[in-house]
């Protein structure tokens, strides 16, 4: 396609085009004559003053039909072409009105409810003020000096009705002159599904991070990016660990932290947040006169030392604790059954059991020693060690909790079945019963060792009762 109808704000270039025969937008006029603005999809460019603005003439002509229906309002929204969001706070009011119509289930061509009709008529009467809204086409304005630094400052805010973000370009010249200019904005109607205000604030922050990523990729120079929010809760979420929150918060914080670094975020007062205009909306006339919207907060033109404190401590009372993900930690204590080296059920004689056990222990000891002496007989000490092993084995199988409690020098629980026997640990770490009365007199020199014989276990399986002359065993039967 051959491009035609060229237009420039340079009079020298316009004159050169006419001399070369290049067709311009107004070829029939002189290069020195004032030329009317050129319009593209409702956006107008005043090439003489190098300003961009929205021309509402066609929109006002369409709205003069005085039709009041949901279909007509949707048509009006579709006729507003605002790619960089200069009309965001004014247009969002109409979008919220359209959402209210959907919520109430109003038919396409039905009359508007009285309350919504009043909102529509108020917005229509304010549309004429759109002619007052104009911004410079060039971000740097009339600055012709070399720049020493360039920053992008992103502000986000939300309300129950809408949320959005706005971006500013802050540049410092070599003469330390600081200027700011409007870049773009994005506005969204809050979803019909009810969300808490902190969640909406976080969603606005995500929109801010996405838009900043898109804008920075289009710039041909490197710029430092700063993000600002007036929500302490969302600021805490962004700077915190995303895994500590519920999925809605977690997913958005993860994307924000992917697009930006938490150190780039800061908290600013609500009165200094220009995105607040998007969240609550305003009229076209007030928007045109609002310096906060077009140039950002006053401290943007000051040195960073005068900016709000970016590292702010969060108090527990300021947090939204219901968004924290409470995780239940289940600790499973698995009690492993102690397996003996010898199967006691295979023996009917205590002497044979102890002898076999002693042989097993000797084999284990010999396997650990390289130079070992050979002895073909089991000694009395080895038999005694085997006996001690089986006594300790039985006690740990049934009274391990009591043994551990006594080792900590603590009192047994009332639920313990042997508490009434006043057990204690001897020097050999075996669980003994405190004898009293005639039993103590009868066995003054004896040692009482506590064992258990459950109903499900045959008594003969525990052979420790047999052939023990110096050992008195108290069998505590389960009740």
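Numbering (the working numbering), first residue to last: 2 to 480.
Virtual Cβ for every residue (Gly too), placed ideally from N, Cα, C.
Cβ separation of residue 345 and residue 354, assumed to be a contact under 8 Å, to the nearest whole Å: As a working note, residue 345 is residue 344 in the chain shown. As a working note, residue 354 is residue 353 in the chain shown. With a Cβ gap of about 6 Å, residue 345 and residue 354 count as contacting.
Buried versus exposed call for residue 153 [16 or more other C-beta atoms within 10 Å across all chains shown]: On the chain shown, residue 153 is found 152 positions in, with the first residue counted as 1. By the neighbour-count rule (16 or more Cβ atoms within 10 Å), residue 153 is buried.
Minimum C-alpha distance to residue 258 - residue among 388, 208, 269: For the purposes of this step, residue 258 is identified with residue 257 of the chain shown, where counting begins at 1. Out of 388, 208, 269, 208 has the C-alpha closest to the C-alpha of residue 258.
4 or more residues per run - each alpha helix (DSSP H) lying fully within the region 177 to 224: 198 to 219
Range covered by the alpha helix (DSSP H) that runs through residue 1: For residue 1 there is no data in the structure shown, the boundaries of the chain being 2 and 480.
Candidates 285, 179, 291, of which the one nearest residue 88 by Cα: Locating residue 88 in the chain shown gives position 87, counting from the first residue. Looking at the Cα atoms, 285 is the closest of the given residues.
Whole-angstrom distance between residue 414 and residue 268, CA atom to CA atom: As a first step, residue 268 is located in the chain shown; it is residue number 267 there, counting from the start. As a first step, residue 414 is located in the chain shown; it is residue number 413 there, counting from the start. Cα to Cα, the separation comes out at about 55 Å.
Cβ neighbours of residue 134 in the same chain (closer than 7 Å, five flanking residues each side left out): As a working note, residue 134 is residue 133 in the chain shown. Hits under 7 Å: 54, 55, 87, 88, 285, 288, 289.
Secondary structure of residue 382, DSSP reduced to three states: Here residue 382 is taken as the residue at index 381 of the chain shown, counted from 1. It is helical.
Residue 103 burial status per 10 Å Cβ neighbour count (16 or more: buried): Along the chain shown, one-based indexing puts residue 103 at 102. Under this definition residue 103 is an exposed residue.
Cβ neighbour criterion (16 or more within 10 Å) applied to residue 423: For the purposes of this step, residue 423 is identified with residue 422 of the chain shown, where counting begins at 1. Exposed, since its Cβ has fewer than 16 Cβ neighbours within 10 Å.
Which residues DSSP lists as bridging residue 226, in chain order: On the chain shown, residue 226 is found 225 positions in, with the first residue counted as 1. DSSP lists 153 as partners of residue 226.
Closest Cα partner of residue 42 within the set 252, 78, 15, 82: For the purposes of this step, residue 42 is identified with residue 41 of the chain shown, where counting begins at 1. Residue 82 is the option with its Cα nearest to residue 42.
Run of the beta strand (DSSP E) containing residue 40, from where it starts to where it stops: Working through the chain shown from its first residue, we reach residue 40 at position 39. Residues 39 to 41.
Nearest-angstrom Cβ-Cβ length linking residue 206 and residue 235, presumed shorter than 8 Å: For the purposes of this step, residue 206 is identified with residue 205 of the chain shown, where counting begins at 1. For the purposes of this step, residue 235 is identified with residue 234 of the chain shown, where counting begins at 1. Their Cβ separation, rounded to whole angstroms, is 5 Å, which keeps residue 206 and residue 235 in contact under 8 Å.
C-alpha distance - residue 439 paired with residue 368, whole-angstrom precision: As a working note, residue 439 is residue 438 in the chain shown. As a working note, residue 368 is residue 367 in the chain shown. Note that residue 439 has pLDDT 41, beneath the 50 cutoff, so the model's placement of it is unreliable and the number below is only indicative. If you take the alpha carbons of residue 439 and residue 368, they lie about 49 Å apart.
Proximity of residue 167 and residue 279 at Cβ, strictly below 8 Å: By 1-based counting over the chain shown, the position of residue 167 is 166. By 1-based counting over the chain shown, the position of residue 279 is 278. Yes, they are a contact pair.
Sheet register partners of residue 159 (DSSP bridge): Counting from 1 along the chain shown, the entry for residue 159 is found at position 158. Answer is 164, bridged to residue 159.
For residue 294, the nearest candidate out of 9, 306, 272, 200 (CA to CA): Reading the chain shown from its first residue, position 293 is the one you call residue 294. For the residues 9, 306, 272, 200, the minimum Cα distance to residue 294 belongs to 272.
Helix, strand or coil at residue 345 according to DSSP, with G and I counted as helix: Position 344 of the chain shown, counted from the start, is the residue given in the question as residue 345. Helix, per DSSP.
Identity of the residues DSSP links to residue 45 by a beta bridge: The sequence position of residue 45 within the chain shown is 44, counting from 1. DSSP, once it has assigned bridges, lists 40, 54 as partnering residue 45.
Cβ-heavy atom distance, residue 278 to the ligand ADP, below 7 Å: Among the ligands in the structure shown, none appear at all, so the ligand ADP cannot be discussed.
Residue 18 versus residue 59: straight-line alpha-carbon distance, rounded: The residue labelled residue 18 in the question sits at position 17 within the chain shown. The residue labelled residue 59 in the question sits at position 58 within the chain shown. Cα to Cα, the separation comes out at about 31 Å.
Cα-Cα separation, residue 5 to residue 24: Position 4 of the chain shown, counting from 1, holds the residue named residue 5. Position 23 of the chain shown, counting from 1, holds the residue named residue 24. The alpha-carbon atoms of residue 5 and residue 24 are separated by roughly 6 Å.
Neighbourhood of residue 308 by C-beta, 7 Å cutoff - its chain only, sequence neighbours within 5 removed: In the chain shown, counting from the first residue as 1, residue 308 sits at position 307. Same-chain partners within the cutoff: 300.
DSSP-derived helix/strand/coil call for residue 140: Sequence index remark: in the chain shown, residue 140 carries index 139 (1-based). Residue state, collapsed to three classes: coil.
Residues of its chain near residue 445, where Cβ-Cβ distance is below 6 Å and the 5 sequence neighbours each way are ignored: Here residue 445 is taken as the residue at index 444 of the chain shown, counted from 1. Any reading at residue 445 must be qualified, since the residue scores a pLDDT of 41, below 50, and its modelled position is unreliable; the value itself is stated next. No residues qualify anywhere along the chain.
Reference residue 386, options 116, 122, 362, closest by Cα: Counted from its first residue, the chain shown places residue 386 at position 385. It is 362.
Contact the region 180 to 199 vs the region 108 to 123: 3+ CB pairs below 8 Å: no
The region 105 to 116 contacting the region 141 to 152, beta-carbon criterion three pairs below 8 Å: no
For residue 144 and residue 50, the rounded distance between their alpha carbons: On the chain shown, position 49 is the one that residue 50 refers to. On the chain shown, position 143 is the one that residue 144 refers to. Roughly 15 Å separates the two Cα atoms.
Residues that residue 1 bridges to, as DSSP identifies them: Because the chain spans 2 through 480 in this model, residue 1 falls outside it and cannot be assessed.
Straight-line Cα distance separating residue 242 from residue 76: Stepping through the chain shown from its first residue, residue 76 is reached at position 75. Stepping through the chain shown from its first residue, residue 242 is reached at position 241. Taking the straight line from one Cα to the other gives about 45 Å.
Beta-carbon proximity of residue 283 to residue 90, cut-off 8 Å: If you number the chain shown from 1, residue 283 lands on position 282. If you number the chain shown from 1, residue 90 lands on position 89. For residue 283 and residue 90, yes; Cβs fall inside 8 Å.
Terminal residues of the beta strand (DSSP E) in which residue 267 lies: In the chain shown, the residue the question calls residue 267 occupies position 266. Looking at the DSSP string, the run of the beta strand (DSSP E) that includes residue 267 is 266 to 268.
Contact check, residue 124 vs residue 98, beta carbons under 8 Å: Counted from its first residue, the chain shown places residue 124 at position 123. Counted from its first residue, the chain shown places residue 98 at position 97. Contact flag set, yes.
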